[in-house]
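Residue 533 in the working numbering sits at position 330 of the sequence shown, with consecutive numbering throughout. For glycine and all other residues, C-beta sits at the position ideal for the given N, C-alpha and C. One structure is given below, encoded as structure tokens.
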Amino acid sequence: MTGMKEFYFTQLRGNSIKPRGWLRDQLQIQADGLTGQLDEFWEDVGPNSGWLGGSGENWERGPYYLDGLLPLAYLLEDEKLIAKATKWVDWTLNSQDESGFFGPQANDDWWPRMVMLKVLIQYYSFTEDPRVIPFMDKYFRLQLRVLPERPLTAWAVPRSGDNIYSVLWLYGKTQAAYLLKLVEILHQQCTDWTSFFSYLPYKSSIKEYIPWKTLEDIGPDRINDNNYRQTHTVNVAMGLKEPALYGMVSGDADHQNAPTSGIKQLMRFHGLAQGIWSGDEHLSGNNPAQGSELCSVVEYMFSLEVLTAIFGQVFFADQLEKVAYNALPATIAPDWRSHQYDQQANQIKCSEQPRPWYNNGEASNLFGLEPNFGCCTANMHQGWPKFVTHMWMQKGDDSLVAVTYGPNELTHEFEGGKKIRIIQDTDYPFSGVIEFHIETDQPVNFNLMLRIPAWVEGAAVQKNGAALPDLAAGEFFSIRDTWQDGDVVTIILQLEIRVTKWFNQSAAVERGPLLFSLPIQEKWINLPKRSIDRDQQAKQAGFLDFAIHPQSDWNYALRLAEGNVVVPDVKELGAGTSPFDPHTPPVEITVEAKTLKSWTEYGGNTTLIPISPVDVDEEEITLIKLIPYGGTNLRIAQFPWFE
Ligand SMILES: [Zn+2]
């Protein structure tokens with residue numbers, strides 16, 4: 204080992220990017236909902252948390268919560284939320300003992316500390332608090348000494364990549380050589396994700412390989428079983444970045460290639476149209492009735508953010524937008540006051556009843572405070588804030604990279620002190636037009652790099668109205684120039700409607716990064732008993748649990764002609780303030796369809812989606828309206844079709 208490769212892109216300071224427009228509204232909805240209030244009524248992150256010195260929960264829930272609360276607080280510059288987050292950070296920094304260990308003394312698991320290290324990196328990124336670097340240095344020196352005798356166990360083994368992430372971050376600050384030795388140890392003690400993602404041994408639902416009973420019989424120690432570890436959907440989502448992070452040190456091509464191979468195979472054998480694989484909560488094949496856990500959605504997003512930085516490839520950023528703009532908003536209520544454990548691509552009823560999950564409970568697709576289990580309740584908060592802090596990255600000293608698009612503004616100071624502000628004015632992803640307005644006191648020379656998504660069929664980039672040549676889909680487009688105050692760059696991404704094929708040849712309707720689906724009329728039913736059972740306080744605070752029952756037909760087959768839907772109408776209605784609310788969709792696509800009478804409900808799910816093309820000869824053509832998947836709570840997103 205002689206050092207570490209450079210990250211292709213580096214992350215900017217946390218407070219250089221601010222959300223604007225609908226994206227800021229989304230973060231504010233989050234702050235007004237569960238993220239801003241959870242600590243006031245959910246005891247697992249309440250004042251008695253072990254991570255605040257209390258005798259309560261002392262494992263992952265406090266750090267999980269902070270991993271989203273902290274960046275949200277700083278992005279919104281919300282003093283009340285900053286004070287809430289800082290309390291946890293101060294306790295943590297003050298908890299470090301002589302040896303370098305930190306956190307609740309009553310729990311010495313390495314795993315929750317991995318999460319808290321990620322929190323501290325974000326905290327440093329916003330504040331540059333001088334306590335953080337010596338704190339991490341002391342802890343990593345302890346890990347180097349102690350890990351050989353007290354190795355990673357249980358959840359820390361498959362999730363060791365998150366520890367490596369933090370070690371490499373510190374190496375970037377200090378270049379201390381021992382950190383690379385620590386990376387080696389953490390990699391040796393980690394699950395072998397490189398082999399797993401290179402060959403993906405599970406090419407259909409884990410049910411077909413290992414019945415849940417077999418793993419259940421192992422008892423609480425099953426987390427030490429490799430079959431369990433490597434098929435657990437959250438481990439998979441987190442594990443994707445480990446080979447790449449280790450590859451920064453090893454330089455080995457197998458490590459560097461594993462994440463791309465892993466994502467492609469996961470999507471082929473377990474993939475769903477909303478941009479993530481199934482896992483309820485182990486890899487469950489690609490039937491759109493299977494569930495995807497919320498924790499896997501936000502962890503996959505973070506892995507993609509890290510992978511984009513490591514490789515600088517459009518591929519990862521494209522996947523990131525797909526998950527952020529579809530799977531994430533779909534599984535959280537539009538008012539951010541409830542969420543699901545498992546979402547389904549074809550979700551026709553949210554109700555407490557047996558479903559063909561691998562091992563999740565009957566309440567997993569309810570919207571509530573902690574349906575099935577409370578991990579997602581604690582972990583869901585990181586999705587949007589980290590997405591925002593990774594929208595721009597830097598390459599070298601003089602390139603600014605627009606990695607993902609959406610309304611925001613970037614403030615940046617180049618070496619030498621020249622400052623620039625770039626306002627990204629757009630309703631993207633609901634519109635394909637993105638304007639960058641440059642503000643600067645003096646002309647400044649730099650390279651503006653813009654992502655041209657792989658899905659785009661036609662794109663144009665203009666500077667002050669003049670078209671620039673040589674765009675290529677799937678690559679970053681560079682504009683090196685001396686920029687003046689008032690310069691405007693416009694990207695026009697043509698949002699063509701396209702159909703992609705999934706399980707049993709089902710058809711999904713996509714437009715740009717958005718998946719479109721049929722919204723089913725919803726009846727929300729308050730479940731008073733569930734709310735009272737565990738969390739009277741939550742109920743008093745107005746955070747309830749709900750079933751959702753369908754009030755309209757959903758059993759349609761789409762008409763395809765030449766591989767695409769027949770679309771009489773597309774309406775762009777503007778992002779508004781709540782684009783992921785089914786009552787205020789920003790885009791509506793009308794398509795031709797027919798009722799498919801043989802496709803019915805069974806046990807709260809659709810019956811098996813028939814293999815397409817399907818026979819609907821005797822039915823009349825009808826028009827159905829599709830809206831963005833992220834704005835639906837009941838829906839069909841993968842359709843049977845006929846020609
Ligand atoms: Zn979870």
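Spatial neighbours of Leu497 in its own chain (CB-CB distance under 7 Å, excluding positions within 5 residues in sequence) are listed in chain order as Thr534, His542, Gln543, Tyr544, Cys579 and Met583. Taking every protein chain shown into account, the CB of Leu475 has 16 or more other CB atoms within 10 angstroms, so this residue is buried. For ligand 1, residues qualifying as neighbours are Glu496, Leu497, Cys498, Cys578, Cys579 and Asn582, where qualification means a beta carbon closer than 6 Å to at least one of its heavy atoms (chain order).
In the three-state scheme derived from DSSP, where H, G and I count as helix and E and B as strand, Pro831 is classed as strand.
Linking Trp294 to Val664 through their CA atoms gives a straight-line distance of about 49 Å. Arg624 sits in a strand when the DSSP states are folded into three classes.
Where Gln597 is concerned, there is no enclosing alpha helix (DSSP H), although the beta strand (DSSP E) around it starts and stops at Trp595 to Lys598. Rounded to whole angstroms, the separation of the alpha carbons of Ser709 and Ile812 is 8 Å.
With respect to the 7 Å criterion, Gly465 and Ala530 are not classified as neighbours on the basis of their beta carbons. DSSP, reduced to helix, strand and coil, places Glu846 outside both helices and strands of the structure shown, so it counts as coil. The three-state reading of DSSP puts Ala566 in coil, since its state is none of H, G, I, E or B. Runs of the beta strand (DSSP E) lying entirely within the segment 204-288, each at least 3 residues long, are 220-222 in chain order. Remark: three or more beta-carbon pairs, one from each stretch, lie closer than 8 Å, so the segment 652-660 and the segment 592-604 are flagged as touching. Non-local C-beta neighbours of Phe633 in its own chain, meaning closer than 7 Å and more than five positions away in sequence, comprise Glu775, Ala778, Pro782, Pro789 and Val790, ordered along the chain.
From the listed residues His390, Asp242, Gln724 and Val370, the smallest Cα separation to Lys828 is found for Gln724. The alpha-carbon separation between Trp587 and Asn489 amounts to approximately 26 Å. Pairwise C-beta distances place the segment 587-596 in contact with the segment 213-231, as three or more of them are shorter than 8 Å. By the Cβ-count criterion, Asp784 is buried, with 16 or more other Cβ atoms from all chains shown falling within 10 Å of its own Cβ.
If you draw a straight line from the Cα of Thr793 to the Cα of Ile830, it is about 9 Å long.
If the five residues before and after Lys622 are omitted, its C-beta is found closer than 6 Å to the C-beta atoms of Glu616, all from its own chain and listed in chain order.
Apart from sequence neighbours up to five positions away, the residues of its chain that approach Gln240 with a beta-carbon distance below 8 Å are Ala744 and Phe746, ordered along the chain. For the options Glu804, Thr825 and Pro816, the alpha carbon positioned closest to that of Glu795 is the one of Thr825.
A contact between stretches requires three or more CB pairs, one per stretch, nearer than 8 Å, and the segment 436-447 meets this requirement with the segment 502-520.
Judged by beta-carbon spacing, Pro716 lies within the 7 Å limit of Glu524, meaning their Cβ atoms are closer than that value. Secondary structure at Gly474: strand, using DSSP grouped into helix, strand and coil. Nearest C-alpha to Trp314 among Gln346, Lys287, Ile336 and Ala286: Gln346. Each residue's CA atom was taken as its position, placing Gly806 and Ala527 some 30 Å apart.
Secondary structure at Gly482: strand, using DSSP grouped into helix, strand and coil. In the DSSP assignment, Met652 falls outside any alpha helix (DSSP H) and within the unbroken beta strand (DSSP E) covering Val647 to Ile655. Residue range Tyr381 to Gln392 is occupied by the alpha helix (DSSP H) that includes His390, with no beta strand (DSSP E) assigned at that position. Assigned with DSSP and collapsed to three states, Asp340 falls in helix. In this structure Val318 touches Glu263 by the C-beta definition: roughly 6 Å separates them, less than 8 Å. About 7 Å separates the beta carbons of Lys444 and Tyr368, which is inside the 8 Å limit, making them a contact pair. Less than 7 Å separates the beta-carbon of Leu226 from that of Gly609.
Looking at the DSSP output, Val691 sits in a beta bridge with His640.
With the rule of 3 Cβ pairs closer than 8 Å, the segment 331-340 does not count as touching the segment 403-412.
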